[in-house]
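Enquirer:
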Amino acid sequence: MSLQLDSLVFDLMFQGSAAIDQKTLIDGLGGQEALESKQLLDVDRLDPRAEMELSPSMPFRRRGERRLMIIDDKTITPREDPQADPLITADLRPAKEQLIATAQALPIRLGRLFSLGTWGDAVLVARSMRDLRGICLLPYALDPQVDIDGKRRGTPLSQKEFEAKILAYEKRLEELDDEQILAGLSGVTFERRGDLVVVDVLEADGTWDQRKSIMMEMQLAAMDRFSILPGAPSATRVAAPDRPTMKMDTDAAVAASRSSQPSVAPAAAKAAPPAAAAKMPEPPKPEPKPEPKGPPLSAREIEGAIVLVFPTERFDLDVAAALGKRDWDQVVRRTDNLTGAMRDKLQRDGATWIAPIEFLSEVFLEGKPLTKQDFERDSQKTDGVKSLDVHLPRFGDVTLLEIAGKGRFVTTVSDPSAAAKLLG
């Protein structure tokens, strides 16, 4: 089966107790005629490593729960460069309604709507707020450098630590109740359809800015509200909105999510005469929010192009996803070694980059985690640098480098030898 990038994907995860006949399934999916123009992918027949590459679902999906993907390559016009253009201009509102109708007709535990080859969901449909949070906590569970408390390590977790985090994943889902999860949402649409809960980041005209999917994922995951003891009720209690459906200004929400300072809500006050108002003291300015820890990244300008060089502590799957979406505000901090002119050029023209990795299995070759045997067999060696074109999850195509005495790196710099020289 050949899969086209930017195909629209209806990802359906069925309840473990689901027992449905073929006719009921076809009717629930929209009927035979609607399915004739689409491809059906039975994820459970794939090698588990292929599912990890395509779209991981473990440990969210339990034993006995089936998964089916419906691939639609007609709705979205493939973009020339998805990494440079995060906007899907097709109207996805009919697809959203179809996903909801399918979840209402069939015993679906979770339904997702996304595009093949890029990270993030346009629409999520579930029967519980807990499952919405659970699917968004998968990156936390599967990232080998994020510890049980949600903090990033400079080196991968030990096997024992990683296993402890996987065991804590289910407990984390008990820490927030429905009202707490709902109260953490802003800049996204939330609604209830019968026994379904639905969230999406579609614009009013049905278009989809994929950068906002990361915001939705972070809000639902709510890692900043983790309890000290996994599973203990969170101490953060926030009143839920009065209305079941809300839609906030998404541009304002994105700006707020990127702000490095907390917002300040002015206290309500009665109108005062101009003279009295002039004497009122100005509200105190908020203190700047401290930036996450980690050494600064550096940048070089070579032949008019910027190359970002990441230290180990500053590169992970979230950064890879932000790089893929050209979301430079999520990548570069105020304290990084870039001049003002370089920052302007970065926002205008983008950049190539190079970053360290530790294990070959962090990248994929032909849909499978790369092995040492495959790397030694297929890599090319130039000036003491071994290189191989591979796939980096949540980003896309990169070149893997193995440099004697320095380690392994992934890069978008086209010349492996030139990339190696950037590392000093």
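For the sequence shown, the numbering used here begins at -15 and goes up steadily by one. We put the CB at the ideal spot given by N, CA and C, even for glycine. This structure is a prediction, so every number in the text was calculated from the model and none was measured.
Three or more C-beta pairs under 8 Å: does that hold for the region -4 to 16 against the region 121 to 136?
Expert: At 8 Å Cβ cutoff, the stretches do not touch.
Enquirer: Apply the 10 Å Cβ neighbour rule to S1 and answer buried if 16 or more other Cβ atoms are within range, or exposed otherwise.
Expert: Translated into positions along the sequence shown, residue 1 becomes position 17. Per the 10 Å Cβ criterion, exposed.
Enquirer: Straight-line CA distance for A309 to L38?
Expert: Here the question's residue 309 lines up with position 325 in the sequence shown. Here the question's residue 38 lines up with position 54 in the sequence shown. It is Lys, not Ala, that sits at residue 309 in the sequence shown. Their backbone Cα atoms lie some 18 Å apart in a straight line.
Enquirer: So, at 8 Å on beta carbons, what are the nonlocal neighbours of T73 in its own chain, with the 5 sequence-adjacent residues on each side left out?
Expert: Counting from one through the sequence shown, the residue named residue 73 turns up at place 89. Excluding residues within five positions, the ones whose Cβ falls inside 8 Å are T61, T191.
Enquirer: Looking at the unbroken alpha helix (DSSP H) that takes in I10, where does it start and where does it end?
Expert: Here residue 10 refers to the residue found at position 26 of the sequence shown. Unbroken alpha helix (DSSP H) run through I10: 6 to 12.
Enquirer: By Cβ distance below 7 Å, which residues in the same chain neighbour A402 in space, the five residues on each side in sequence not counted?
Expert: In the sequence shown, counting from the first residue as 1, residue 402 sits at position 418. Same-chain partners within the cutoff: there are none.
Enquirer: Tell me the residue span of the beta strand (DSSP E) that contains P340.
Expert: To locate residue 340, count along the sequence shown from 1; it is residue 356. That run of the beta strand (DSSP E) goes 336 to 341.
Enquirer: At 3 residues or longer, what runs of the beta strand (DSSP E) sit wholly inside the region 172 to 198?
Expert: Segments of the beta strand (DSSP E) lying fully in the region 172 to 198: 173 to 177, 180 to 184.
Enquirer: Per DSSP, which residues does E386 bridge with? Please list them.
Expert: The residue labelled residue 386 in the question sits at position 402 within the sequence shown. Answer is K370, R392.
Enquirer: Would you identify the three-state DSSP class for E287, choosing helix, strand or coil?
Expert: As a working mapping, residue 287 is identified with position 303 in the sequence shown. Looking at E287 - three-state DSSP - the assignment turns out to be coil, as it is neither helix nor strand.
Enquirer: Does the region 47 to 64 come close enough to the region -12 to 3 that 3 or more CB-CB pairs lie under 8 Å?
Expert: Touching, per the Cβ criterion.
Enquirer: Mapping DSSP to helix, strand and coil, what is K365?
Expert: Here residue 365 refers to the residue found at position 381 of the sequence shown. K365: strand per DSSP, three-state reduction.
Enquirer: When the distance is taken between beta carbons, is T396 closer than 9 Å to I338?
Expert: By one-based count along the sequence shown, residue 338 stands at place 354. By one-based count along the sequence shown, residue 396 stands at place 412. Yes; because the gap between Cβ atoms is below 9 Å, this pair is in contact.
Enquirer: State the DSSP-derived secondary structure class of G118, mapped to helix, strand or coil.
Expert: Numbered from its first residue, the sequence shown carries residue 118 at position 134. Helix at G118.
Enquirer: Please classify D302 as buried or exposed, where buried requires at least 16 neighbouring CB atoms within 10 angstroms.
Expert: Taking the first residue of the sequence shown as position 1, residue 302 is located at position 318. Buried, since its Cβ has 16 or more Cβ neighbours within 10 Å.
Enquirer: So, is I84 buried or exposed, given that buried needs 16 or more other C-beta atoms within 10 angstroms?
Expert: Walking along the sequence shown from the start, residue 84 turns up at place 100. I84 is buried by the Cβ-count criterion.
Enquirer: Among residues of its own chain, excluding the 5 on either side of V315, which ones have a beta-carbon nearer than 7 Å to its beta-carbon?
Expert: One-based indexing of the sequence shown puts residue 315 at position 331. The residues are V303, A306, L307.
Enquirer: Using only alpha-carbon positions, find the residue among L372, L(-4), F98 that is nearest to A411.
Expert: No answer is possible for residue 411: it lies beyond the span of the chain, which begins at -15 and ends at 408.
Enquirer: Between which two residues does the beta strand (DSSP E) holding A56 run?
Expert: The count along the sequence shown starts at 1 and reaches residue 56 at position 72. Residue identity differs from the one stated: residue 56 is Asp in this sequence, not Ala. Its beta strand (DSSP E) spans residues 51 to 56.
Enquirer: Please classify D193 as buried or exposed, where buried requires at least 16 neighbouring CB atoms within 10 angstroms.
Expert: Here residue 193 refers to the residue found at position 209 when the sequence shown is read from its first residue. Counting Cβ neighbours within 10 Å, D193 comes out buried, since at least 16 surround it.
Enquirer: Below 7 Å CB to CB, which residues in the same chain sit around L376 once its five sequence neighbours on both sides are set aside?
Expert: Sequence index remark: in the sequence shown, residue 376 carries index 392 (1-based). So the list reads A304, V347, V382, V394, once near-sequence residues are dropped.
Enquirer: Since I54 contacts M113 with CB under 8 Å, what's their CB separation in whole angstroms?
Expert: Taking the sequence shown and counting its residues from 1, the one referred to as residue 54 is at position 70. Taking the sequence shown and counting its residues from 1, the one referred to as residue 113 is at position 129. No, I54 and M113 are not in contact; Cβ-Cβ is about 25 Å, not under 8 Å.
Enquirer: What number of angstroms, rounded off, separates the C-alpha of D189 from the C-alpha of P70?
Expert: One-based indexing of the sequence shown puts residue 189 at position 205. One-based indexing of the sequence shown puts residue 70 at position 86. Roughly 16 Å between the two C-alpha positions.
Enquirer: With distances taken from CA atoms, which of A68, L322, P280 is nearest F379?
Expert: Locating residue 379 in the sequence shown gives position 395, counting from the first residue. Closest by alpha carbon: A68.
Enquirer: How many angstroms separate the CA atom of S142 from the CA atom of L151?
Expert: For the purposes of this step, residue 142 is taken as the residue at position 158 of the sequence shown. For the purposes of this step, residue 151 is taken as the residue at position 167 of the sequence shown. Approximately 14 Å between the Cα atoms of the pair.
Enquirer: Indicate the three-state DSSP secondary structure (helix, strand or coil) for L(-13) in the structure shown.
Expert: Working through the sequence shown from its first residue, we reach residue -13 at position 3. The answer is coil: DSSP assigns L(-13) none of H, G, I, E or B.
Enquirer: Which residues in the same chain as Q(-1) place their Cβ atom closer than 6 Å to its Cβ, once the five residues preceding and following it in sequence are excluded?
Expert: For the purposes of this step, residue -1 is identified with residue 15 of the sequence shown, where counting begins at 1. Cβ neighbours of Q(-1) beyond the five flanking positions: P91, R93.
Enquirer: Check R93 in the structure and name its three-state DSSP category.
Expert: Residue numbering aside, residue 93 sits at position 109 when the sequence shown is read from its first letter. Residue state, collapsed to three classes: strand.
Enquirer: Can you give me the C-alpha to C-alpha distance between E145 and D127, rounded to a whole angstrom?
Expert: Here residue 145 refers to the residue found at position 161 of the sequence shown. Here residue 127 refers to the residue found at position 143 of the sequence shown. Their backbone Cα atoms lie some 12 Å apart in a straight line.
Enquirer: For P400 and P66, I'd like the C-alpha separation in whole angstroms.
Expert: Here residue 400 is taken as the residue at index 416 of the sequence shown, counted from 1. Here residue 66 is taken as the residue at index 82 of the sequence shown, counted from 1. Straight-line Cα distance between these residues: approximately 24 Å.
Enquirer: The alpha helix (DSSP H) with D131 in it runs from where to where?
Expert: To locate residue 131, count along the sequence shown from 1; it is residue 147. Note, D131: premise wrong, no alpha helix (DSSP H); not H, not E.
Enquirer: Quickly, what does DSSP pair Q67 with across the bridge? List them, please.
Expert: What you label residue 67 is simply residue 83 of the sequence shown in a count that begins at 1. DSSP, once it has assigned bridges, lists no residue as partnering Q67.
Enquirer: Let's see if you can read the secondary structure: which residues bound the beta strand (DSSP E) around D333?
Expert: As a first step, residue 333 is located in the sequence shown; it is residue number 349 there, counting from the start. Segment 324 to 333 is the alpha helix (DSSP H) holding D333; no beta strand (DSSP E) there.
Enquirer: Have a look at P353, Q331, A283 and flag the residue whose alpha-carbon is nearest the alpha-carbon of T319.
Expert: As a working note, residue 319 is residue 335 in the sequence shown. Residue A283 is the option with its Cα nearest to T319.
Enquirer: I need the straight-line Cα distance from K390 to R63, nearest angstrom please.
Expert: The sequence position of residue 390 within the sequence shown is 406, counting from 1. The sequence position of residue 63 within the sequence shown is 79, counting from 1. Cα to Cα, the separation comes out at about 37 Å.
Enquirer: From the DSSP secondary-structure annotation, give me the bridge partner or partners of G380.
Expert: In the sequence shown, counting from the first residue as 1, residue 380 sits at position 396. Paired residues: L376.
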